[in-house]
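Residues in the sequence shown are numbered from 2 upward in steps of one, following our numbering.
In this text, a Cβ means the ideal position worked out from N, Cα and C, and glycines have one as well.
What follows is a set of notes on a single structure, which appears directly below.
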Amino acid sequence: MPPIQPTSPPDKAASDRQMIEEAYSKLKQAYLSSPHRKKIEIIDKAYRFACNAHAGARRLSGEPYILHPLAVARIVIEELGLGSTSICAALLHDVVEDTDYTIEDIEAVFGAKIAGIVDGLTKISGGIFGEKASMQAENFRKLLLSMSADVRVVLIKMADRLHNMRTLGSLPEQKQIKISGETLYIYAPLAHRLGLFKIKEELEDLSFRHDHPAKYDEIMHLVERSEEKRKNMVDKFMAPIRSKLDAAGFTYEVKTRVKSSWSIYRKMERKNLKFEDIYDIYAVRVIFENSDPEQENLRCWQIYTFFAEDNSIHPDRLRNWITTPKSNGYRALHLTVMGPEGKWIEVQIRSRRMDEIAELGYAAHWKYKTGEYPAESPLDGLMAKVKEILSNPTPNAIDFLDTVTLNLFSADIYVFTPKGDLITLPKGATVLDMAFAIHTELGRHCVAGKISHKLVSRDHTLSSGDQVQIITSESQKPETAWLRACRTAKAQNCLRSMLRRDKAVLTAHGRQLFAEFAKKEEIEPTPETMERILAHYRLASEEELYMMMASDEINLTAAPEMSAKSLARPSMLRKLLRNPFKRNKKETPEMVLQADANNRDYITGACCSPIPGDDVTGFLDTNGRIVVHRSDCPQLKKLKATYGSRLMPARWEGMAEIFPVTIDIEGIDRRGLLTEVLDVVWGEMKLNITDITCGARQTVFHCTLTVQANSLRTVKALCSRLRKIKNIETAKRL
Ligand code: MN
Numbered sequence: 002m003p004p005i006q007p008t009s010p011p012d013k014a015a016s017d018r019q020m021i022e023e024a025y026s027k028l029k030q031a032y033l034s035s036p037h038r039k040k041i042e043i044i045d046k047a048y049r050f051a052c053n054a055h056a057g058a059r060r061l062s063g064e065p066y067i068l069h070p071l072a073v074a075r076i077v078i079e080e081l082g083l084g085s086t087s088i089c090a091a092l093l094h095d096v097v098e099d100t101d102y103t104i105e106d107i108e109a110v111f112g113a114k115i116a117g118i119v120d121g122l123t124k125i126s127g128g129i130f131g132e133k134a135s136m137q138a139e140n141f142r143k144l145l146l147s148m149s150a151d152v153r154v155v156l157i158k159m160a161d162r163l164h165n166m167r168t169l170g171s172l173p174e175q176k177q178i179k180i181s182g183e184t185l186y187i188y189a190p191l192a193h194r195l196g197l198f199k200i201k202e203e204l205e206d207l208s209f210r211h212d213h214p215a216k217y218d219e220i221m222h223l224v225e226r227s228e229e230k231r232k233n234m235v236d237k238f239m240a241p242i243r244s245k246l247d248a249a250g251f252t253y254e255v256k257t258r259v260k261s262s263w264s265i266y267r268k269m270e271r272k273n274l275k276f277e278d279i280y281d282i283y284a285v286r287v288i289f290e291n292s293d294p295e296q297e298n299l300r301c302w303q304i305y306t307f308f309a310e311d312n313s314i315h316p317d318r319l320r321n322w323i324t325t326p327k328s329n330g331y332r333a334l335h336l337t338v339m340g341p342e343g344k345w346i347e348v349q350i351r352s353r354r355m356d357e358i359a360e361l362g363y364a365a366h367w368k369y370k371t372g373e374y375p376a377e378s379p380l381d382g383l384m385a386k387v388k389e390i391l392s393n394p395t396p397n398a399i400d401f402l403d404t405v406t407l408n409l410f411s412a413d414i415y416v417f418t419p420k421g422d423l424i425t426l427p428k429g430a431t432v433l434d435m436a437f438a439i440h441t442e443l444g445r446h447c448v449a450g451k452i453s454h455k456l457v458s459r460d461h462t463l464s465s466g467d468q469v470q471i472i473t474s475e476s477q478k479p480e481t482a483w484l485r486a487c488r489t490a491k492a493q494n495c496l497r498s499m500l501r502r503d504k505a506v507l508t509a510h511g512r513q514l515f516a517e518f519a520k521k522e523e524i525e526p527t528p529e530t531m532e533r534i535l536a537h538y539r540l541a542s543e544e545e546l547y548m549m550m551a552s553d554e555i556n557l558t559a560a561p562e563m564s565a566k567s568l569a570r571p572s573m574l575r576k577l578l579r580n581p582f583k584r585n586k587k588e589t590p591e592m593v594l595q596a597d598a599n600n601r602d603y604i605t606g607a608c609c610s611p612i613p614g615d616d617v618t619g620f621l622d623t624n625g626r627i628v629v630h631r632s633d634c635p636q637l638k639k640l641k642a643t644y645g646s647r648l649m650p651a652r653w654e655g656m657a658e659i660f661p662v663t664i665d666i667e668g669i670d671r672r673g674l675l676t677e678v679l680d681v682v683w684g685e686m687k688l689n690i691t692d693i694t695c696g697a698r699q700t701v702f703h704c705t706l707t708v709q710a711n712s713l714r715t716v717k718a719l720c721s722r723l724r725k726i727k728n729i730e731t732a733k734r735l
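Spelled out as structure tokens, the structure:
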């Protein structure tokens with residue numbers, strides 16, 4: 002690498018000028034031979050502006066700096082197929098970052114459109130990797146923002162990155178590591194997502210070469226050494242296919258594509274394979290000319306039959322991306338065929354049009370063909386996803402990076418509704434993600450999923466090919482814990498807005514309840530009083546108190562220590578704080594059970610007759626019904642052992658209606674004992690009795706009665722009252 006030369010001797014200046022002129026004329030040629038409208042004046046102007054701005058600056062290699070923007074502009078036209086606006090922006094992309102010119106200067110000369118793109122490029126010029134995860138997330142967010150404003154920003158950035166990677170030696174050492182790392186972590190996956198397959202592969206190989214030079218050389222050597230053998234084998238393999246293609250009148254081209262060195266390396270590392278053992282080191286690609294778009298898919302399948310007639314097709318490796326294109330727009334038919342020497346060979350069948358999209362990306366394709374954005378393109382889907390990610394206010398930087406990686410970079414899976422409709426989701430998506438992908442209401446009431454007759458929980462990770470029925474329940478409402486049960490930005494966004502709305506309604510209701518309570522108890526809600534109540538329940542805010550009151554988790558009326566008198570007495574408070582009310586903080590998602598009989602969409606287990614207040618667990622039976630059991634029910638223990646995944650913790654909510662509860666009472670018999678028992682149940686507690694068996698054997702009084710109670714609290718009060726009756730020894734729920 003030659004050192005930087007601060008000043009140039011006159012002959013050097015002349016040769017520089019010649020080099021620059023040559024680079025520019027190549028760019029012009031590329032532009033003029035493209036199908037774009039010829040707006041050469043503006044490109045000339047941008048070139049002169051950039052030349053002037055970067056005058057005297059050099060890259061580390063000693064080259065004049067302007068050669069870099071010129072090279073980037075050439076990638077923009079030759080490899081991305083973009084037009085004059087993008088070429089100008091590419092020429093000017095480092096002007097604001099590296100020189101004294103401002104974005105206003107650019108706008109004054111070139112107008113808002115070009116200036117907007119240059120501005121976007123300048124904002125993300127610092128790169129993504131920062132010292133901290135939070136900085137990375139912020140930079141990443143900036144990149145996505147500029148991308149959603151104008152996708153060309155990212156396409157030009159991609160060209161910039163590609164040129165920097167091709168000439169990595171021209172950058173300072175510490176920058177090389179950062180650039181190479183970012184390339185592998187962000188730009189290559191992003192290129193893939195944009196459908197820029199060739200650029201993605203080159204970026205990966207260049208970073209691999211930089212990071213592991215010895216490994217890279219080793220793999221390249223192995224690939225070269227096996228080339229002759231490979232060529233012979235493919236010729237032998239393809240000979241009968243070629244004659245069939247010829248006989249059927251196809252015009253076609255057969256290409257042999259070697260897997261990129263980075264992919265080979267990754268596969269060897271991940272699966273611990275030897276080079277010889279990787280079956281798809283090369284793929285045979287059949288590209289056919291096709292003039293009738295209606296026949297395109299059919300012809301792919303026709304070629305497929307040519308392979309299938311004489312060869313074994315690997316049953317698990319047929320990929321039909323013709324009818325269901327990948328989300329980046331990729332279309333082709335992939336199959337893996339048994340080759341002549343007992344080795345599997347991957348075959349890719351594509352039309353010329355499919356091949357162009359696959360190689361250059363959708364951007365290039367539409368620009369070349371029409372000069373316009375197509376009405377509907379895979380880029381729209383991508384942009385929608387980017388917008389979803391940006392509208393999701395993830396507080397945590399790591400979460401944000403995860404969200405982006407999952408929503409933008411992970412592979413797709415294909416799942417089906419019971420009716421057979423296809424839903425595309427990112428790999429790692431759950432039942433809940435699918436519910437939200439179909440309809441927000443389905444997500445809101447999602448209880449579980451059913452895949453091939455088996456019930457699975459909301460957070461079950463889906464696999465490609467799953468046919469999923471979403472099981473809903475009208476009373477099911479979203480809860481904060483659900484945020485952990487879904488991965489897609491869409492589901493998370495929907496959930497957050499639902500939770501916010503629910504929270505507002507609950508808080509308002511709770512505030513009302515509190516006002517009523519305060520009025521009845523004649524409590525002045527002074528800051529001191531409020532603080533005492535919050536301290537008692539260990540709550541952080543009044544809002545939290547209202548929420549818990551509304552959801553029936555806190556009942557001030559039933560808490561004697563919450564009376565005006567107690568609240569005014571600090572000694573009482575101290576006692577309370579020593580024995581604080583324990584809050585239920587469950588991590589696992591819960592099912593919400595409406596206590597109100599009209600809204601019930603579950604049945605209670607006959608074995609244990611749970612009532613509101615009981616610790617309960619829901620069980621999804623094979624008919625999709627929810628059967629609620631007390632968590633300590635022996636029947637449930639059996640279910641747990643056999644159908645663990647169908648169980649879900651549950652919680653009661655709402656005002657309770659009546660539930661049957663059986664109470665067992667024992668004592669030493671005496672005259673009038675039964676009358677006293679019934680007095681307590683009917684007279685004091687005002688509970689209905691639906692069944693009673695009573696008897697005395699010798700001196701032992703025994704009574705089993707079934708009452709209709711609304712909650713565990715009532716039952717406990719009843720039992721403790723019954724135990725106070727003289728001669729009663731035990732009174733407990735059965
Ligand atoms: Mn640059």
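The beta strand (DSSP E) that contains Ala1, what's its start and end?
With the chain running from 2 to 735 in the structure shown, residue 1 is simply not present.
With a 10 Å radius around its C-beta and 16 neighbouring C-beta atoms as the bar for buried, classify Glu205 as buried or exposed.
Indexing the sequence shown from 1 puts residue 205 at position 204. Buried, since its Cβ has 16 or more Cβ neighbours within 10 Å.
Roughly how many angstroms separate the alpha carbons of Cys704 and Gln636, rounded to a whole number?
In the sequence shown, the residue the question calls residue 704 occupies position 703. In the sequence shown, the residue the question calls residue 636 occupies position 635. Rounded to whole angstroms, Cys704 to Gln636 spans 25 Å at the Cα level.
So what does DSSP say about Asp670, is it helix, strand or coil?
Mapped onto the sequence shown, residue 670 falls at position 669. Looking at Asp670 - three-state DSSP - the assignment turns out to be coil, as it is neither helix nor strand.
Taking the alpha-carbon of Asp692 as reference, which of Leu674, Arg698 and Val662 has the nearest alpha-carbon?
As a first step, residue 692 is located in the sequence shown; it is residue number 691 there, counting from the start. Ranking Leu674, Arg698 and Val662 by Cα distance to Asp692 puts Val662 first.
Any idea if Gly117 is buried or exposed, counting beta-carbon neighbours within 10 angstroms, 16 or more meaning buried?
Indexing the sequence shown from 1 puts residue 117 at position 116. Gly117 comes out buried.
With DSSP run on the structure shown, which of helix, strand or coil describes Cys695?
Taking the first residue of the sequence shown as 1, we reach residue 695 at position 694. In the three-state reduction of the DSSP assignment, Cys695 falls in the strand class.
Are there three or more Cβ pairs, one per stretch, closer than 8 Å when the stretch 485–503 is compared with the stretch 514–530?
No, they do not touch.
Phe209 in three-state terms, based on DSSP
Numbered from its first residue, the sequence shown carries residue 209 at position 208. If DSSP states are grouped into helix, strand and coil, Phe209 belongs with the helices.
Can you tell me which residues fall inside 7 Å of ligand 1, judged by beta-carbon distance to its nearest heavy atom, and keep chain order?
Taking a cut-off of 7 Å from the heavy atoms of ligand 1, the residues with a C-beta inside it are His69, Pro70, Val73, His94, Asp95, Asp161 and Asn165.
Under three-state DSSP, which class holds Arg734?
Your numbering for residue 734 matches position 733 in the sequence shown. Strand.
Starting from Glu117, follow the beta strand (DSSP E) in both directions and report where the run begins and ends.
Stepping through the sequence shown from its first residue, residue 117 is reached at position 116. Checking the displayed sequence, the identity of residue 117 turns out to be Gly instead of Glu. Residue range Ile104 to Lys124 is occupied by the alpha helix (DSSP H) that includes Gly117, with no beta strand (DSSP E) assigned at that position.
Rounded Cβ spacing between His211 and Ser181 (contact assumed at less than 8 Å)
Within the sequence shown, residue 211 is the residue found at index 210, counting from 1. Within the sequence shown, residue 181 is the residue found at index 180, counting from 1. His211 to Ser181, Cβ: 5 Å. Contact.
Whole angstroms is fine: what's the gap from Arg153's alpha carbon to Thr425's?
By one-based count along the sequence shown, residue 153 stands at place 152. By one-based count along the sequence shown, residue 425 stands at place 424. Cα-Cα distance, rounded: 26 Å.
Return the first residue and the last residue of the beta strand (DSSP E) that Gln470 is part of.
Translated into positions along the sequence shown, residue 470 becomes position 469. Taken as a continuous stretch (DSSP letters only), the beta strand (DSSP E) holding Gln470 covers Val469 to Thr473.
Nonlocal neighbours in the same chain, by C-beta distance under 7 Å from Leu713, ignoring five residues either side
Position 712 of the sequence shown holds residue 713. For Leu713, where only same-chain residues beyond five positions count, the Cβ hits under 7 Å are Ile612, Pro613, Gly614 and Asp615.
Run through the DSSP bridge pairs and tell me what Ala651 is partnered with.
On the sequence shown, position 650 is the one that residue 651 refers to. For Ala651, which the question treats as bridged, DSSP gives the partners Met592 and Val617.
Just checking Glu554 against ligand 3 - is the residue's beta carbon closer than 8 Å to any of the ligand's heavy atoms?
Absent from the structure shown: ligand 3. Ligands present: ligand 1.
Assuming His94 and Ile157 form a contact by the criterion Cβ under 8 Å, report the distance between their Cβ atoms to the nearest whole angstrom.
The residue given as residue 94 occupies position 93 in the sequence shown. The residue given as residue 157 occupies position 156 in the sequence shown. Contact flag correct, Cβ pair sits at about 6 Å.
Nearest candidate by alpha-carbon position, reference Glu737, set Leu81, Phe130, Met548 and Asp218
What is shown of the chain runs 2 to 735, which leaves residue 737 out entirely.
Would you verify that the beta carbon of Glu295 is, or is not, closer than 9 Å to some beta carbon of chain C?
Checking the listed chains, one finds no chain C in this structure; it contains a single protein chain.
Leaving aside the five residues before and after Leu735 along the sequence, list all residues of the same chain whose C-beta is less than 6 Å from its C-beta, in chain order.
In the sequence shown, the residue the question calls residue 735 occupies position 734. Thr663 and Asp665.
Going by C-alpha distance, which of Val617, Glu139 and Cys301 is nearest Ile390?
Walking along the sequence shown from the start, residue 390 turns up at place 389. If we check each option's Cα against that of Ile390, Glu139 comes out closest.
Just to confirm the assignment, what range does the beta strand (DSSP E) spanning Trp302 have?
Taking the sequence shown and counting its residues from 1, one reaches residue 302 at position 301. Run containing Trp302: none in the beta strand (DSSP E); it sits in the alpha helix (DSSP H), Glu297 to Asp311.
Give a yes or no on whether the C-beta atoms belonging to Val469 and Gly444 are separated by under 9 Å.
Residue 469 sits at position 468 when you count from the first residue of the sequence shown. Residue 444 sits at position 443 when you count from the first residue of the sequence shown. No, they are not a contact pair.
Should the stretch 432–440 be regarded as contacting the stretch 470–483, the criterion being three or more beta carbon pairs within less than 8 Å?
Yes, they touch.
Give me the residue from Asp311, Arg267 and Ile323 with the minimum Cα distance to Val338.
Working through the sequence shown from its first residue, we reach residue 338 at position 337. Considering only alpha carbons, the answer is Asp311.
Quick check: Ala594 and Phe620, are their CB atoms within less than 9 Å of each other?
Here residue 594 refers to the residue found at position 593 of the sequence shown. Here residue 620 refers to the residue found at position 619 of the sequence shown. Rather than Ala, the amino acid found at residue 594 in this sequence is Leu. Contact: no.
Nearest residue (CA-CA) to Ile242, options Glu229, Pro294, Tyr217 and Tyr305:
Working through the sequence shown from its first residue, we reach residue 242 at position 241. Checking every option, the nearest Cα to that of Ile242 belongs to Tyr305.
Indicate the three-state DSSP secondary structure (helix, strand or coil) for Asn689 in the structure shown.
Residue 689 sits at position 688 when you count from the first residue of the sequence shown. Correct three-state label for Asn689: strand.
Supposed close pair Ile200, Met159 - CB separation, criterion 8 Å
Position 199 of the sequence shown holds residue 200. Position 158 of the sequence shown holds residue 159. The Cβ separation is near 6 Å, so the contact holds.
Three-state secondary structure (DSSP) at Ala449?
Residue numbering aside, residue 449 sits at position 448 when the sequence shown is read from its first letter. Residue state, collapsed to three classes: strand.
Note the first and the last residue of the continuous alpha helix (DSSP H) segment covering Cys52.
Taking the sequence shown and counting its residues from 1, one reaches residue 52 at position 51. Per DSSP, Cys52 belongs to the alpha helix (DSSP H) from Ile41 to Ala54.
Quick check: what's the CA-CA separation for Tyr48 versus Glu174?
One-based indexing of the sequence shown puts residue 48 at position 47. One-based indexing of the sequence shown puts residue 174 at position 173. Cα-Cα distance, rounded: 29 Å.
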